[in-house]
Every structure is written in C-alpha cells, then in structure tokens.
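Q:
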Amino acid sequence: FASRNFNIPPERVRFWVFVNRQNRTVRLDAPIPELYINTSMEQICANMTTRRNGMELYMEVADKPIKRKKWFPTVPKASRIIVFLKYFDPDKQTLEGLGHLYIQKFGKVGDITRVLCEKKEFPPDTPLKIYEEVKPNMIEEMHLEFTFQQSEIQDGDIICFQKALTEREIQEHRSVCRCWNIPHFYESLALRIVVSFKPKLEDRYLKPELTYEQVSYSEFDLILNKKWTYDQVSGAVATHLNTDPLKLRFTTAHSTSSTPKSVIKRTTAHTLSEMLQTVYLSPPAYVLFYEMLNISIVELETKKFIEIYWLGNTVKDEEAIDLCLPKNAIVNDIKKILKNEKVTLSSPCSRIRLFEVHHNKIQKEYTGTEPIERIQEHATLYAEEIPHDEIYANQNDRTIQVYHFTKDPLCLHGIPFKFVIKNGETLADTKVRLRHRLGMSEIDFLKVNIAIMPRTSYAKSTYLFGDVLSEMKLSNEDCLGLDHPDKTGRTEKVIFIRG
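With this note's numbering as the guide, the letters of the sequence shown map in order to residues 162 to 660.
1) Measure the alpha-carbon distance for Ile-242 versus Gln-204 and round it to whole angstroms.
2) For Lys-253, count neighbouring Cβ atoms within 10 angstroms of its own Cβ and tell me buried if that reaches 16, exposed if not.
3) For Val-629, tell me which candidate among Leu-643, Thr-649, Ala-589, His-645 has the shortest Cα-Cα distance.
4) In the DSSP assignment, the beta strand (DSSP E) including Gln-562 goes from what residue to what residue?
5) Under the three-state reduction of DSSP, which class applies to Cys-572: helix, strand or coil?
6) Tell me, which residues are paired with Lys-525 by DSSP?
7) In the DSSP assignment, what are the bridge partners of Arg-175?
8) Ile-491 and Ile-533: beta carbons closer than 8 Å?
9) In whole angstroms, what separates the C-alpha of Arg-594 from that of Phe-580?
10) Do Ile-384 and Val-355 have their CB atoms nearer than 8 Å?
11) Taking Cβ positions, are Glu-302 and Tyr-292 nearer each other than 8 Å?
12) For Phe-606, report the span of its alpha helix (DSSP H) as first-last.
13) Measuring CB to CB, does Val-459 end up less than 8 Å from Leu-499?
14) How would you label Met-209, buried or exposed, when you count the other beta carbons within 10 angstroms and need 16 or more for buried?
15) My output table needs one value for Thr-134: the three-state DSSP class, helix, strand or coil.
16) Please name the residue in Met-453, Glu-526, Tyr-197, Pro-226 whose C-alpha comes closest to that of Glu-172.
17) Quick one, which of Ile-561, Asp-605, Gly-642 has its alpha-carbon nearest Leu-571's?
18) Apart from the five residues just before and just after Thr-186, which ones in its own chain have a Cβ nearer than 7 Å to its Cβ?
19) So for Gly-642, helix, strand or coil by DSSP?
20) What is the DSSP secondary structure of Lys-280, counted as helix, strand or coil?
21) Please return the same chain residues whose Cβ sits closer than 6 Å to the Cβ of Arg-512, not counting the five positions on each side in sequence.
22) Shortest alpha-carbon distance to His-345 belongs to which of Leu-256, Leu-362, Thr-428, His-431?
23) Less than 8 Å between the CB atoms is what I'm expecting for His-565 and Asn-521, so what's the real figure, rounded?
24) Sorted by chain position, which residues of the same chain lie with C-beta nearer than 7 Å to Leu-352's C-beta, five sequence neighbours on each side aside?
25) Does the distance from the CB of Ile-467 to the CB of Leu-484 come in under 8 Å?
26) Name the residue from Arg-427, Asn-181, Lys-621, Glu-380 whose alpha carbon lies nearest to the alpha carbon of Tyr-391.
27) Residues bridged to His-261 by DSSP?
28) By the three-class DSSP mapping on this structure, what secondary structure does Asn-161 have?
29) Have a look at the DSSP bridge pairing and note the partners of Gln-315.
30) Between the segment 469 to 477 and the segment 494 to 509, do at least 3 Cβ pairs fall closer than 8 Å?
31) Please state whether the Cβ-Cβ distance between Phe-179 and Asp-190 is less than 8 Å.
32) Using CA coordinates, which residue listed in Glu-435, Pro-251, Asn-168 is at the minimum distance from Arg-335?
33) So what's Asp-723 in DSSP terms, helix, strand or just coil?
34) Does the Cβ-Cβ distance between Leu-515 and Met-453 come in under 8 Å?
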C-alpha cells in the first residue's frame with residue numbers, strides 16, 4: 162500500500178516502530194522484522210509497542226543497495242545505529258532536515274564529519290560543530306573524540322551540525338540579532354512569537370506628529386522573540402517599514418476587542434513579552450499598533466501633544482488643531498502658537514479663550530498661567546477668539562454659558578459656548594445674536610427653544626418666551642439651554658437604573 166502511494170519499490174521500504182522515552186520524547190525503537198511480512202498490523206502493534214489506541218510508523222526509504230545486494234543493513238543492532246540529521250545555516254537562519262544516516266556505535270563522533278560535509282557539498286576539511294537534540298529545549302554539544310556509545314546515542318536520535326564560526330563571524334551575527342549557533346537557534350524557536358502590527362489610525366484626524374504619507378496603512382506579521390527588548394522590536398519593525406526605529410511608537414491592544422489601549426513607553430528593561438502582556442494572558446493573536454512619527458521618541462518624551470478644536474465665527478466652524486509643546490510650557494504658550502501660527506484673528510489685539518468641555522458642558526476656562534502638564538491626556542479642549550461684545554461688555558451686561566439639549570436637560574449634545582446677556586435687550590434681539598453665533602438659518606432656528614437651566618440637573622428649567630433676560634434673577638451657576646434636535650445623531654442618552 163505504501164509502495165503504491167509513494168511510487169517506491171517495496172524492497173526499498175522498511176518500517177520502524179516508535180517508543181516513548183522517559184524524557185518525554187518519541188524516537189525510533191526497532192524496525193519491523195521481515196518475518197512479520199504476513200502478520201496483521203494489529204498483531205504487530207500488540208507485539209512491538211505498548212500503545213493500544215493506534216500505532217505510528219516511520220517509513221525508511223533506502224537510497225541505494227548495500228554491495229548491490231541488499232537495501233538495508235543486516236549487521237546486528239548492537240554495532241550500527243540509525244540517526245537523523247539536521248543542518249543549521251546561521252546566514253539563512255534555517256534548520257534543514259537531511260534524512261537519516263547509519264553510524265558505527267563504537268565509532269568516534271568526529272568520524273562522520275566528512276560524511277556531513279559531503280551532504281552539504283562542503284570541502285571535506287570544513288570544521289563543524291556537532292550537537293545532539295536531546296529534546297527541543299536541551300541541545301548538547303558532542304565531543305568529536307568521544308564514541309557514539311560514550312555520547313549515549315541510540316536509534317532514532319537527532320544529530321545537528323553547523324559550520325564552526327570564527328569570533329568575528331559570531332559578532333557579525335550578533336550585531337544583526339541573528340542566532341549564531343544551534344542551541345541559541347533552538348532557544349529562539351521556543352521563544353518565537355508571531356505579532357500582528359496594525360497602523361494606529363485616528364477616527365477624526367491625523368496627529369501632526371504622524372507622517373502617514375510614509376506608510377501604506379498596511380497590516381503585517383513579524384516573527385519575533387519574546388525576550389527581545391523594545392529597541393530590538395522597533396528595529397525589526399523599522400526594517401520592515403524602511404523607517405527610523407526611533408520614530409516608531411507602539412500601543413498595546415485590548416485583549417478582547419483588539420482596539421488600541423495604551424502607548425508603550427520606551428525602556429531598556431521591558432521585553433516583548435511584557436509589552437504584549439503575555440505573562441498572564443494568552444490571547445488568540447498578539448497585536449501591537451504602530452505609529453510613524455516625524456520626531457524621535459527620545460524627543461517625544463520631553464514634549465506634550467495637545468489636541469484643540471478651534472471655533473470660528475460660529476460654533477459650526479470647527480477645526481481640529483494639534484500642537485506639540487515642551488512639557489514645561491503653560492497655557493499662554495498654547496494661545497501664542499494659535500495666534501501666531503495656526504489661526505487668523507479679526508485684529509492683532511484679539512484675545513483667545515481656551516476651555517475644557519466634558520459631557521457637552523464647559524467644565525473649566527483656563528486663565529493662561531496653568532502648566533500644560535496639568536491638562537488631562539484625553540481632555541476635550543476648545544479655543545476661540547473672544548467675541549467683541551464680550552470684550553466690550555459694560556458692567557451691567559453678563560456672560561453666561563450656553564449648552565444644547567434635546568427635550569430632556571440630560572440629553573446633551575453640541576458644543577457649549579459663552580454668550581453675553583446685554584442689559585435691557587429684548588429676547589427677540591437676543592435670539593438674533595444667538596442665531597448668528599450658532600450659524601443657523603432662520604428656519605432652523607425656529608426649532609430652538611431657549612430655557613434658563615439651573616445649576617442642579619434635577620431642578621426645573623424655565624423656558625423663555627417674551628422675557629428680557631437681563632431682568633431675570635439668575636445665579637452665578639445658571640446657564641442658557643438651547644432645546645433643539647441634534648442633527649449629528651450623537652446626543653448623549655440617559656440610562657435609568659431602577660432596582
């Protein structure tokens with residue numbers, strides 16, 4: 162059956178049974194004798210193996226007959242041993258199987274060097290290093306002057322060899338993170354891990370420190386080593402992307418959703434295993450996100466990146482601006498960069514307001530003296546030119562916060578802003594100024610209802626109709642609420658939990 166399937170003459174085929182050794186490896190034990198030629202496989206299994214749930218066989222194929230008569234050696238087992246050969250090429254970082262070889266049990270290990278050189282077509286005097294693969298995590302160098310019996314070699318053992326390297330060749334391999342010998346290569350196999358690298362793309366904008374024109378947004382896999390340092394990992398990724406390793410930044414992935422989680426800081430101590438957080442978890446796939454920066458991550462450590470949404474003449478005119486400042490900068494430095502480099506103001510004397518928004522309400526307005534280090538990493542920041550009517554407001558005018566909601570005061574949406582309530586101004590005139598500030602048409606503004614919103618969310622709001630706002634009694638915490646539909650569809654939903 163095997164001869165027909167592999168198209169090999171039956172006289173060139175011999176089967177061996179396997180044995181489980183005490184070190185938990187599986188090796189050849191003995192060939193099935195010719196006298197079993199008419200014996201059932203079930204009986205052979207019962208006679209030659211200890212397994213009862215099946216039998217695995219090794220099919221030995223003879224290359225050429227021995228002395229033109231027999232295909233397999235008939236010398237007693239005590240003097241000849243069948244071993245398997247593997248060749249390691251440090252230049253290609255490959256381990257190549259070279260089939261099997263019969264050796265003399267009492268012959269010296271060094272006696273087979275010429276045969277090994279012949280198999281790889283090396284000059285016969287090429288110096289070799291020979292190892293035994295006891296098991297994948299136990300590779301032992303063999304002494305050339307020892308006999309195979311002294312080396313405890315048995316049928317089915319695995320012998321690996323490579324060219325002996327000079328110290329200079331070893332250093333060359335080390336310099337490019339290549340394994341230079343067989344034990345090191347086997348160790349790397351045990352520590353080998355496939356990591357998927359994905360570009361970290363922003364949903365709404367591209368950060369200015371990223372040069373995405375240099376990358377094809379591609380995802381790729383790399384085979385890496387769990388013990389590699391941050392610099393070794395970035396070096397491998399940089400080689401793949403043809404970029405500077407110091408201009409790469411990595412982000413971990415959530416183990417369940419595989420979405421970006423947290424930026425990995427460059428250190429000399431952390432290994433890839435720690436970067437992937439594989440010590441306690443074994444996700445189905447290992448993922449890291451990468452970014453290509455236009456500055457070095459060494460310089461990046463002294464900088465802080467801040468995203469700001471610039472508001473134009475209306476709150477509809479929204480532009481994302483990203484800034485990179487020294488970590489010891491203050492908020493006034495942000496305003497200077499905006500004024501001098503990023504935006505066009507109505508006059509050189511115009512002032513800029515920077516404020517933080519949380520859940521569609523202004524939470525904080527910055528004075529300018531605050532260190533930017535105190536700004537939270539994920540804070541939503543808005544900046545705008547302070548309107549003239551606010552700058553030139555008289556002592557009887559009042560500035561109030563305005564925010565948007567739909568029906569329920571807790572269903573917030575849109576961008577909040579500051580607005581001046583002018584003393585004695587009618588509601589009709591106030592609405593005109595509000596409409597211009599919102600950038601709405603007259604038809605759309607008809608759907609807007611204005612209400613006084615108390616500081617506490619559970620207090621009742623008061624809708625305005627013909628009132629004069631300046632004549633109403635307002636606390637310092639009260640706001641104006643604009644009740645209208647959210648055309649963006651991003652209104653925050655209220656969830657009630659009743660127990």
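Ideal Cβ positions, reconstructed from N, Cα and C, are used throughout, including at glycine. Please read these numbers as outputs of a predicted model, since none were measured by experiment.
A: Straight from the coordinates:
1) By one-based count along the sequence shown, residue 242 stands at place 81. By one-based count along the sequence shown, residue 204 stands at place 43. About 26 Å.
2) For the purposes of this step, residue 253 is taken as the residue at position 92 of the sequence shown. Lys-253 is exposed by the Cβ-count criterion.
3) The residue given as residue 629 occupies position 468 in the sequence shown. Minimum Cα distance to Val-629 is reached at Ala-589.
4) Taking the sequence shown and counting its residues from 1, the one referred to as residue 562 is at position 401. 559 to 567 is the extent of the beta strand (DSSP E) around Gln-562.
5) Position 411 of the sequence shown, counted from the start, is the residue given in the question as residue 572. DSSP places Cys-572 in strand when its eight states are reduced to three.
6) The residue given as residue 525 occupies position 364 in the sequence shown. Looking at the DSSP assignment, Lys-525 forms a beta bridge with Glu-517.
7) Here residue 175 refers to the residue found at position 14 when the sequence shown is read from its first residue. Answer is Glu-221, bridged to Arg-175.
8) Position 330 of the sequence shown, counting from 1, holds the residue named residue 491. Position 372 of the sequence shown, counting from 1, holds the residue named residue 533. For Ile-491 and Ile-533, yes; Cβs fall inside 8 Å.
9) On the sequence shown, residue 594 is found 433 positions in, with the first residue counted as 1. On the sequence shown, residue 580 is found 419 positions in, with the first residue counted as 1. The straight-line gap from Cα to Cα measures roughly 9 Å.
10) Taking the sequence shown and counting its residues from 1, the one referred to as residue 384 is at position 223. Taking the sequence shown and counting its residues from 1, the one referred to as residue 355 is at position 194. Cβ distance < 8 Å, so Ile-384 and Val-355 count as in contact.
11) Against the sequence shown, residue 302 aligns to sequence position 141. Against the sequence shown, residue 292 aligns to sequence position 131. The answer is yes: Cβ separation under 8 Å.
12) Taking the sequence shown and counting its residues from 1, the one referred to as residue 606 is at position 445. Where Phe-606 is concerned, the enclosing alpha helix (DSSP H) stretches over 603 to 606.
13) For the purposes of this step, residue 459 is identified with residue 298 of the sequence shown, where counting begins at 1. For the purposes of this step, residue 499 is identified with residue 338 of the sequence shown, where counting begins at 1. No.
14) One-based indexing of the sequence shown puts residue 209 at position 48. Met-209 should be labelled buried.
15) The structure shown does not extend to residue 134, since the chain is modelled only from 162 through 660, so no value can be given for it.
16) Here the question's residue 172 lines up with position 11 in the sequence shown. Taking only the C-alpha atoms, the option nearest Glu-172 is Pro-226.
17) In the sequence shown, counting from the first residue as 1, residue 571 sits at position 410. Ranking the options by Cα distance to Leu-571, first place goes to Gly-642.
18) What you label residue 186 is simply residue 25 of the sequence shown in a count that begins at 1. These residues qualify, in order along the chain: Lys-296.
19) Taking the sequence shown and counting its residues from 1, the one referred to as residue 642 is at position 481. Residue state, collapsed to three classes: strand.
20) Here the question's residue 280 lines up with position 119 in the sequence shown. Lys-280: helix per DSSP, three-state reduction.
21) As a first step, residue 512 must be located in the sequence shown, where it is residue number 351. Excluding sequence neighbours, Arg-512 sits near Ile-547.
22) Within the sequence shown, numbered from 1, the residue matching residue 345 stands at position 184. Nearest of Leu-256, Leu-362, Thr-428, His-431 to His-345, Cα basis: Leu-256.
23) Here residue 565 refers to the residue found at position 404 when the sequence shown is read from its first residue. Here residue 521 refers to the residue found at position 360 when the sequence shown is read from its first residue. Correct: roughly 7 Å between the Cβ atoms.
24) Within the sequence shown, numbered from 1, the residue matching residue 352 stands at position 191. Answer for Leu-352: Asn-386, Lys-387, Lys-388, listed in chain order.
25) Numbered from its first residue, the sequence shown carries residue 467 at position 306. Numbered from its first residue, the sequence shown carries residue 484 at position 323. Yes.
26) Within the sequence shown, residue 391 is the residue found at index 230, counting from 1. With distances taken between Cα atoms, Tyr-391 lies closest to Arg-427.
27) Locating residue 261 in the sequence shown gives position 100, counting from the first residue. Answer is Phe-245, bridged to His-261.
28) With the chain covering 162 to 660 only, the question about residue 161 has no answer from this structure.
29) Taking the first residue of the sequence shown as position 1, residue 315 is located at position 154. According to DSSP, Gln-315 bridges with nothing at all.
30) yes
31) The count along the sequence shown starts at 1 and reaches residue 179 at position 18. The count along the sequence shown starts at 1 and reaches residue 190 at position 29. Yes, they are a contact pair.
32) Here residue 335 corresponds to residue number 174 of the sequence shown, with the count starting at 1. Among Glu-435, Pro-251, Asn-168, the Cα nearest to that of Arg-335 belongs to Pro-251.
33) The question about residue 723 has no answer here: the residues shown for the chain are numbered 162 through 660.
34) Numbered from 1 along the sequence shown, position 354 holds the residue referred to as residue 515. Numbered from 1 along the sequence shown, position 292 holds the residue referred to as residue 453. Going by C-beta atoms, Leu-515 is not nearer than 8 Å to Met-453.
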